Amino acid sequence: MEPFVKLTGVVAAMDRENVDTDQIIPAVNLKRIERTGFGQFLFSQPGWRFLPDGSPDPDFELNKPSYQGASILVAGHNFGSGSSREHAPWALLDYGFKVIIAPSFADIFYNNCFQNGMLPIVLSEANIKNLMEKAQGSYEGYEATIDLQNCTISDGQGLTIPFETDDFRRDCLLKGLDDIGLTLQNEDKISIYEKSH
Amino acid sequence: MAKTMFDKIWDEHVVIDEIGKPTVLYVDLHLVHEVTSAQAFEGLRMANRKVRRPDLTVATVDHNVPTTDRTLPITDEISKKQIDTLDNNAKEFEINYFDMFSQGQGIVHVIGPEQGYTQPGKVIVCGDSHTSTHGAFGAFALGIGTSEVEHVLATQCLVQKKPKNMEVKVNGALPFGVTAKDLILAIIGQIGVGGGVGHVIEYTGEAIRSLSMAGRMTVCNMSIEAGARAGMIAPDETTFDFVKGRPQSPRDEDFDAAVEHWKSLSTDPGAHFDKVVEIDASKLSPYVSWGTNPGMVASVDGLVPDPTTLDNPDEKVAVQRALEYMDLAPNTPIKEIKLDKVFIGSCTNSRIEDLRAAAEVVKGKKVNADVNAMVVPGSFTIKLQAEQEGLDEIFREAGFEWREAGCSMCLGMNPDILMPGERSASTSNRNFEGRQGPGGRTHLVSPEMAAAAAIAGHFVDIREWK
């Protein structure tokens, strides 16, 4: 896994609550057997990202010119609710998002992000509102820097928001460690457990 | 210290617990299906790793399989590739496998209990959020992502931070016509789709104890729809009777010893729950979802809500968006909502008890001329049993399609889908936008309510059905 230390990128705002995994990527698009190539299907439900003729719908928030190339997504409560499909973070990552910021996340989606070198950040509603307003109000694209070493979000214009994240998950992201390798370092303990049960 | 059932099962499965790190938990049963496993097996192959415990790993094809004649070739090339990939992976990694033609095939959450793999006290995982179903047996059962699937395949362990304990106590008895499905829709309606986030819910109380195993599975199945990590119900005689004598269940003295252990798993008196919710079952009615998440529900004798009467601006916007998508006017009586399709099936409601209840409603009647209705049994075994009981004849004579086992229209991955703008009454678990097909509109209900709606062409109050 690629380490995640610091990232500067454009912030896109999605002011919706309970964005679910079927909205992030519809079931008809889950048939690939690779982890890549799902970005084309991100938010591809009718009435979201695309018009019926397949062209981008200018009314859909992520199609705003100022959000193009965004790598940081700010969203509402309970982001990623629903299915366990890891295709949801794969699609977001393939589209370009490496950081998702929300007041709360669905549990499985939250775990799935870390497994793919993505950083989900929980912030207060007031901070979310502030970030969304800045992103929505910017014509040329609002940039922010996510510093995982110091656990801060800053924008070079005076804004600095500290955030909390699980120490272990942070360490794994910073070093690019994957869980399987870490667990297998303790294979003896798994064997002991198996013998005693 | 007094412990909850979840605490006890968790503690029994701890392999490594170090301060500042998530727990490494042993997994007793790993269920696998075609949609979330291909990338995990590929990961193993690339790292030259094996499946640590093929004997504890059980796979089947359910999400993407056709429910029509399986002797015909699968027309969708990508679907076929996904199914073939699991066929090959099961062979290569030597795991237990029920293929598309096996008598044991079915929805993964239906066949686990059916075969006796699902037992009280186990830690059960699957790359599917509805793994919570198995909690009905007093197991800790949770959905995981594909990277975690790969992790469990390689290590038989799951890295997990311990969730909190939540109790949902359901007092009193469910009235006539009100089912386990209505109960869980009512619970989600009350606590919301984020109400269980970060928690494992234990369902307790008189109404829960009175449920059959099928009903308990329906309730636990939709725990994820309240955002919970898992749902659980303490095992009792109903549970032990169900588990006894199944192909993978312990036998003779082993079974008796297992029962003794299972009995000890119940939550101790005075154990601490971080959150407690109480529900009065006797006040519940049949429910119908009107919106685009499973918390958006109303009583069948109620109305579609009016967003202008709501104070919370976020809620107002959410309800407006949902009604627009669902093409429903505020204050429409639920009973006046007309339907195009009816789907009876899914890991929520496709068991033999569900099919019997639906058959009872449609017996001797005809499906409304404007409605297309289908029944998709949860497993091949259920299909056979239903056919032995003559249920298939009742459904067919009424005008229902009688299909092969699978997930089918619950998630709209195979050709069983809603067309844009079509409206369904569905016994499944999610009414998300486009869940049953792009542009489709889903109303979640019990099997009895779905069956009655198929006959009438619109929702009816099952309590008044004759």
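The listed protein sequences correspond, in order, to chains A and B. So that you can map any letter, position 103 of the first sequence is 103 in the working numbering, and since no number is skipped, the others follow by simple counting. So that you can map any letter, position 164 of the second sequence is 164 in the working numbering, and since no number is skipped, the others follow by simple counting. The beta-carbon is built from N, C-alpha and C at its ideal position, and this holds for glycine as well. The model shown is predicted, which means the values in this text are computed figures rather than measured ones.
Distance check for residue j and residue i, CA to CA, integer angstroms please.
| i | j | result |
| --- | --- | --- |
| A:Gly47 | B:Pro286 | 31 Å |
| B:Tyr97 | A:Asp179 | 27 Å |
| B:Ser147 | A:Leu92 | 16 Å |
| B:Gly439 | A:Ile101 | 28 Å |
| B:Ala228 | B:Met222 | 9 Å |
| B:Ala136 | A:Val28 | 30 Å |
| B:Asn89 | B:Glu77 | 18 Å |
| A:Leu42 | A:Cys172 | 27 Å |
| B:Val24 | B:Gly194 | 26 Å |
| A:Met136 | A:Gly156 | According to the sequence displayed, residue 136 of chain A carries Gln and not Met. Whole-angstrom Cα-Cα distance: 17 Å. |
| B:Arg356 | B:His134 | 22 Å |
| B:Gly406 | B:Thr381 | 12 Å |
| B:Ser266 | B:Gly215 | 19 Å |
| A:Met14 | B:Leu29 | 38 Å |
| B:Met326 | B:Gly291 | 7 Å |
| B:Glu278 | B:Asp268 | 19 Å |
Tell me, please, which residues DSSP counts as bridged to residue i.
| i | result |
| --- | --- |
| A:Met14 | A:Ala75 |
| B:Ile224 | BP columns for B:Ile224 are empty, so no partner. |
| B:Asn165 | B:Val200 |
| B:Val297 | B:Ser289 |
| B:Met232 | B:Glu202 |
| B:Val159 | B:Val24 |
| B:Ile279 | B:Val170 |
| A:Ser154 | A:Thr145 and A:Thr160 |
| B:Thr57 | B:His30 |
| B:Arg441 | B:Arg423 |
| A:Thr8 | A:Thr145 |
Which same chain residues end up closer than 6 Å to residue i when comparing Cβ atoms and leaving out the 5 residues on each side of it in sequence?
| i | result |
| --- | --- |
| B:Asp280 | Asn171 and Gly172 |
| A:Ser191 | none |
| B:Arg423 | Leu339, Asp340 and Arg441 |
| B:Ala425 | Leu339, Val342, His443, Val445, Ala450 and Ala453 |
| B:Leu310 | Lys316 |
| B:Met217 | Thr133 and Ala136 |
Taking Cβ-Cβ distances shorter than 8 Å, what residues in chain A pair up with residue i?
| i | result |
| --- | --- |
| B:Asp314 | Glu17 and Gly76 |
| B:Ser79 | Lys31 |
| B:Glu150 | Ile180 |
| B:Lys21 | Phe168 |
| B:Thr85 | Ile33 |
Mind listing the chain B neighbours of residue i? Cutoff is C-beta to C-beta under 8 Å, in chain order.
| i | result |
| --- | --- |
| A:Pro46 | Pro420, Gly434, Pro438 and Gly439 |
| A:Asn127 | The premise fails here: A:Asn127 is roughly 16 Å from chain B at the closest Cβ pair, so nothing lies under 8 Å. |
| A:Gln40 | In chain order: nothing, as chain B lies at least about 14 Å away. |
| A:Asp59 | Under the 8 Å cutoff, chain B gives no residues; its nearest Cβ is about 13 Å from A:Asp59. |
Whose C-beta lies closer than 8 Å to the C-beta of residue i among residues of the same chain, with five residues either side of it excluded?
| i | result |
| --- | --- |
| B:Arg52 | Leu153, Ala154, Thr155 and Gln156 |
| A:Ser154 | Ala144, Thr145, Asp147, Thr160 and Ile161 |
| A:Phe114 | Pro120, Arg169, Cys172 and Leu173 |
| B:Gly143 | Val125, Cys126, Gly127, Asp128, Ser129, His130, Thr131, Ser132 and Ile224 |
Beta-carbon within less than 7 Å of residue i's beta-carbon, same chain only, minus the 5 sequence neighbours each way: which residues are those?
| i | result |
| --- | --- |
| A:Gly39 | Ala91, Asp94 and Tyr95 |
| B:Trp402 | Val375, Asp392, Phe395 and Arg396 |
| B:Thr239 | Pro120, Phe137, Gly138 and Met213 |
| A:Arg170 | Leu148 |
| B:Ser210 | Ala173 |
| B:Phe176 | Arg463 |
| B:Glu336 | His458 |
Taking C-beta pairs closer than 7 Å, name the residues in chain A that residue i reaches, listed in chain order.
| i | result |
| --- | --- |
| B:Gly198 | Asp107 |
| B:Val193 | Asn18, Asn78 and Ser81 |
| B:Cys157 | Thr183 and Ile190 |
| B:Ile184 | The contacting residues do not exist; B:Ile184 stays about 16 Å from chain A at best. |
Along chain B, in chain order, which residues have C-beta atoms closer than 7 Å to that of residue i?
| i | result |
| --- | --- |
| A:Arg35 | Gln39 |
| A:Ala27 | Leu411, Gly412 and Met413 |
| A:Glu140 | Correct list: empty, because the minimum Cβ distance to chain B is about 28 Å. |
| A:Ser104 | Gly194 and Val197 |
List, in chain order, every chain A residue whose beta-carbon is nearer than 9 Å to that of residue i.
| i | result |
| --- | --- |
| B:Gln82 | Leu30, Lys31, Arg32 and Ile33 |
| B:Val35 | Ala27, Leu30, Lys31, Arg85 and His87 |
| B:Arg430 | Asp20, Asp22, Gly82 and Ser83 |
| B:Asp55 | Correct list: empty, because the minimum Cβ distance to chain A is about 11 Å. |
| B:Gly127 | Ser84, Arg85 and Glu86 |
Identify the contact partners of residue i in chain B, using a Cβ-Cβ distance below 9 Å as the criterion.
| i | result |
| --- | --- |
| A:Ser68 | Just to set this straight, residue 68 of chain A is Gln in the shown sequence, not Ser. Those within 9 Å of A:Gln68 in chain B number zero; the least Cβ separation is about 25 Å. |
| A:Asn112 | Ile144, Gly145, Thr146, Ser147 and Glu148 |
| A:Gln136 | Within chain B, no residue comes near A:Gln136; the closest Cβ sits about 15 Å away, beyond 9 Å. |
Report task. Jot down the residue ranges of each uninterrupted alpha helix (DSSP H) in the segment 365-427 of chain B, minimum 4 residues, whole runs only, in chain order. Result -> 380-388 and 391-398
Query raised in the report: What beta strand (DSSP E) runs, 3 residues minimum, are completely inside the segment 82-137 of chain A?
Result: 99-102 and 119-122
Query - alpha helix (DSSP H) runs wholly inside the segment 74-151 of chain B, at least 4 long, in chain order - result: Entirely contained in the segment 74-151 of chain B, the alpha helix (DSSP H) runs reaching 4 residues are, in chain order, 77-92 and 108-115.
**Report entry** Residues of the segment 178-193 of chain A whose Cβ lies closer than 9 Å to any Cβ of chain C, in chain order
**Finding:** Among the protein chains of the structure shown, namely A and B, there is no chain C.
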